[in-house]
Amino acid sequence: MRPFASCRSVVACCVLLAAASPRPAVEDGYDLWLRYRLVGDSGRLAEYRAALTQLVVEGDSPTLRAARDELSVGLAGLLGSAIPGADSVLRDGALIAGTPATSRLVAGLPLADDLRRAGDEGFVLRALRVRGRQAIVIAGNSGVGVLYGAFALLRLIQTDSPLRDLAVVSAPALRLRLLDHWDNLDGTVERGYAGPSLWDWAHLPDSIDPRYRDYARANASLGINGTVLTNVNADARVLAPAFLAKVAALAAVFRPYGLRVYLTARFSAPIELGGLATADPLDSAVRAWWRGKVDEIYHVVPDFGGFVVKANSEGQPGPQDYRRTHADGANLLAEALAPHGGIVMWRAFVYSSEVPTDRVRQAYDEFVPLDGAFRDNVLLQVKNGPLDFQPREPFHPLFGAMSRTPLIMEVQITKEYLGQDTHLAFLAPTWEEVLRADTYSHGAGSTVARQIRGLAGVANIGSDRDWCGSDFNQANWYAFGRLAWDPGLSSTAIADEWIRMTFSNDPRVVGPVQAMMLASREAVVNYMTPLGLAHQMARGHHYGPGPWVSGGRADQTSVYFNRADSAGLGFDRTASGSNAVGQYFPPVRNRFASRDSVPETLLLWFHHVRWNERLRSGRTLWEELLRHYEAGVDTVRWMERTWGGLEGLVDAERFHRVQGFLRIQDVEARWWRDASVAYWESFSHLPLPPGYEAPAHSLDWYRQLRCPPDPRKPRCETVMPAP
Ligand code: GCW
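Per this note's numbering, the very first residue in the sequence shown carries number 72; after that it's consecutive.
Right, dumping it as structure tokens:
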């Protein structure tokens with residue numbers, strides 16, 4: 072078998088089809104979930120047309136103009152014709168939008184309580200009578216609240232919801248809702264699978280790509296209020312005047328949409344840019360340099376948000392280079408930002424191969440002793456799990472453990488470890504699982520969502536026409552934004568909205584696509600890293616299986632994490648092992664530590680289990696492991712069939728694109744299963760049960776496959792040897 076031959080020809084076919092198409096690709100993905108196509112598949116069109124006959128946006132700030140533009144374009148598309156603006160008479164069906172300060176109509180309405188609940192950024196949507204006319208009102212205390220409300224109203228129409236008794240008050244649960252771009256100044260994107268960076272540094276600040284505005288619109292539609300433009304593996308040059316002018320140009324485009332700009336700060340910038348001999352955080356010249364630099368930034372970007380910093384991690388410079396602590400480093404920048412209201416998001420993603428303890432313990436060990444040592448405007452940015460954005464990890468033990476330091480949770484929207492551009496993996500369930508996890512830090516009910524001030528998502532956006540490299544990857548940008556606004560939303564509800572806005576309200580589409588999305592992440596877990604395994608991907612680019620990866624830096628290898636041996640599989644993190652389990656609060660600690668109560672999904676994360684040992688299911692580890700790999704592959708096949716059943720219900724362009732990627736996923740899910748099972752078999756020496764689909768090749772065959780080093784889309788086709 073040549074596992075990659077089929078996917079190659081499908082990709083080629085798609086390219087040819089696109090090239091042969093005589094008309095512009097209408098469903099090329101550019102419009103994201105803001106397509107605003109006629110609500111033809113809704114029985115409510117007549118109701119919507121009657122309810123929305125006149126657009127009255129009172130106020131004239133850039134943000135209110137953005138709200139007006141969005142409503143007029145959106146409603147014209149959804150309802151099939153433009154709705155007239157304000158004139159001297161208020162009509163039945165008026166859509167009134169504004170703040171009490173900008174709108175006499177809004178100020179005259181009994182909305183004081185609702186507006187109080189809406190806060191600075193929230194909004195009120197109400198159907199009510201205004202001056203004797205039946206109206207719909209979008210009210211906020213700020214322009215951006217109104218803008219968010221406008222998007223929320225459009226979403227209700229896009230998702231076929233009734234407007235008659237509309238009464239919504241919505242306010243974001245988290246203050247910081249940010250995208251983190253890992254974009255480099257040379258246009259490459261670390262772990263980006265959607266083309267080169269969106270930021271066209273070469274042509275900024277004079278030439279402004281219209282996409283920047285659409286990027287801001289998409290973020291505002293979700294309530295995302297900040298964007299970190301640059302990679303955490305930072306380049307000091309972004310802080311030089313020429314680049315700051317470019318940053319200022321982007322900030323000007325984003326500002327009306329409530330989207331603040333942040334940058335990553337390279338700790339050694341005072342040396343590289345300032346010509347100083349040191350970057351020691353306690354050195355007075357270094358402090359003066361950062362103060363001057365920050366003043367300079369605020370001069371050109373008055374609403375600059377602040378810095379994200381990766382320090383003393385994976386080779387990045389940091390305060391420990393000068394025998395100072397992370398708190399010394401963070402406080403240096405915080406001190407410079409404080410007079411301007413800026414913040415520092417200091418990353419907790421630190422681990423060192425020189426430290427002999429279990430890698431997943433190290434961030435907690437490093438930062439808990441520093442609790443209380445940070446300035447007020449420092450937040451510690453903690454990844455969702457203690458390792459590194461794996462298909463599944465337990466929640467990070469730092470959540471709840473830093474009572475005097477505000478935390479922000481970082482998740483990865485780009486699917487570095489989950490099949491990158493092609494594999495369908497809807498990530499909302501991953502994030503929902505963590506947000507709802509109970510840390511017990513302050514007794515029962517201390518969920519992770521309650522321990523954080525913000526959510527940062529490593530963006531999956533590039534300059535590909537469809538922004539995210541695949542139609543379904545867009546759902547992860549969407550889900551991230553919705554959860555950052557309301558961490559209590561369910562994955563099911565988010566998928567439902569996204570499908571209706573992106574594809575259709577037709578129940579024959581919504582039901583099956585929702586089922587696919589909700590099953591997809593567990594499928595990836597099953598065929599890549601079932602039962603709590605982690606970091607079994609190929610070295611470097613992390614694409615494809617590599618459970619045998621060893622050598623080099625130990626704490627980045629697969630064998631470090633799987634601990635496979637002739638006795639069994641899994642990492643003992645109980646008291647008899649690394650005792651990482653001890654970093655959790657008691658009831659959680661005990662649940663994870665005990666073989667009787669550890670969730671099966673995390674079994675091998677916390678325990679080394681004998682191959683023949685019986686699990687709670689009654690099956691042995693070996694049997695259970697095989698079942699999970701098989702289930703992963705079966706789910707992908709089922710997704711392929713389910714999608715195949717939608718032909719004719721989904722436009723042909725997207726139907727074929729998704730179909731092609733599902734074929735790739737099918738081939739690669741089997742590659743994952745077979746390579747992994749062949750490898751585990753070399754330790755367990757146990758037979759495969761009768762009827763089990765045996766690996767197509769020998770272990771040696773899988774081991775010698777080589778993918779190119781970190782290419783944009785690392786298919787292995789060019790290097791796949793003949794069987
Ligand atoms: O997930 C790992 C990635 C690195 C990344 C690092 C981090 C930006 O493999 O590419 O570097 O995490 O989060 O800093």
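Every residue, glycine too, gets a C-beta built ideally from N, C-alpha and C.
These numbers come from a predicted model, not from an experiment.
Could you tell me whether any non-hydrogen atom of the ligand GCW is closer than 7 angstroms to the CB of residue i?
| i | result |
| --- | --- |
| K317 | no |
| W253 | yes |
| F460 | yes |
| K486 | no |
| R262 | yes |
| E385 | yes |
| V299 | no |
| N531 | no |
| N304 | yes |
| K381 | yes |
| F642 | no |
| F338 | no |
| F420 | yes |
Write down the C-beta distance between residue i and residue j rounded to the nearest angstrom, noting that I regard them as a contact closer than 8 angstroms.
| i | j | result |
| --- | --- | --- |
| L478 | N448 | Not a contact, Cβ separation roughly 14 angstroms. |
| A242 | G169 | Contact doesn't hold; Cβ gap of about 18 angstroms is too wide. |
| Y773 | Q491 | With 8 angstroms as the limit, Y773 and Q491 do not qualify as a contact, their Cβ atoms being about 19 angstroms apart. |
| V379 | Y333 | 6 angstroms |
| R248 | G552 | 7 angstroms |
| D99 | E718 | Rounded, the Cβ-Cβ distance is 19 angstroms, inconsistent with contact. |
| S655 | P468 | For the sequence presented, residue 655 should be read as Tyr rather than Ser. Confirmed, Cβ separation roughly 5 angstroms. |
| Q736 | W714 | Going by Cβ atoms, the distance from Q736 to W714 rounds to 11 angstroms, so no, they are not a contact pair. |
| A530 | D306 | So it is not a contact: roughly 17 angstroms between Cβ atoms. |
| T573 | W104 | 5 angstroms |
| A566 | L602 | Actually they do not touch by this definition, with Cβ atoms about 25 angstroms apart. |
Kindly indicate which three-state DSSP category residue i falls into: helix, strand or coil?
| i | result |
| --- | --- |
| R197 | strand |
| F470 | coil |
| P333 | Before going further, note that residue 333 is Tyr rather than Pro in the sequence given. The answer is strand: DSSP assigns Y333 an E or B state. |
| F378 | strand |
| R725 | helix |
| E481 | strand |
| R774 | helix |
| Q654 | helix |
| R204 | strand |
| D509 | strand |
| V426 | coil |
| L269 | coil |
| D577 | coil |
| G639 | strand |
| T134 | helix |
| W538 | coil |
| L347 | coil |
| V659 | helix |
| W104 | coil |
| W417 | strand |
| G111 | coil |
| A168 | strand |
| G669 | Position check: residue 669 holds Val in this sequence, whereas Gly was assumed. Three-state result, V669: coil. |
| A96 | Only weak support is given to the placement of A96: the predicted model assigns it a pLDDT of 42, under 50, and the value that follows is read from those uncertain coordinates. Coil, per DSSP. |
| A730 | Residue identity check: residue 730 is Gln in the sequence provided, not Ala. Q730: helix per DSSP, three-state reduction. |
| I209 | strand |
| E487 | coil |
| A797 | Residue 797 falls outside the range modelled here, since the chain spans only 72 to 794, and no answer is possible. |
| E718 | strand |
| L250 | strand |
| L123 | coil |
| G297 | strand |
For the ligand GDP, is there a heavy atom less than 7 angstroms away from the beta-carbon of residue i?
| i | result |
| --- | --- |
| L478 | Judged by which ligands are present, the ligand GDP is missing from the structure shown, whose ligands are the ligand GCW. |
### Message
In chain order, what are the residue ranges of uninterrupted beta strand (DSSP E) at least 3 long that sit wholly in the region 218 to 248?
### Response
The DSSP assignment places 238 to 241 as complete runs of the beta strand (DSSP E) inside the region 218 to 248, in order along the chain (cut-off: 3 residues).
### Query
Quick one: complete beta strand (DSSP E) runs, 3+ long, within the region 436 to 469?
Correct list: 449 to 454.
### Message
Please give the ranges of any alpha helix (DSSP H) in the region 553 to 577, keeping only runs that are unbroken, at least 4 residues long and fully inside the region.
### Response
Here the runs fully enclosed are 562 to 573.
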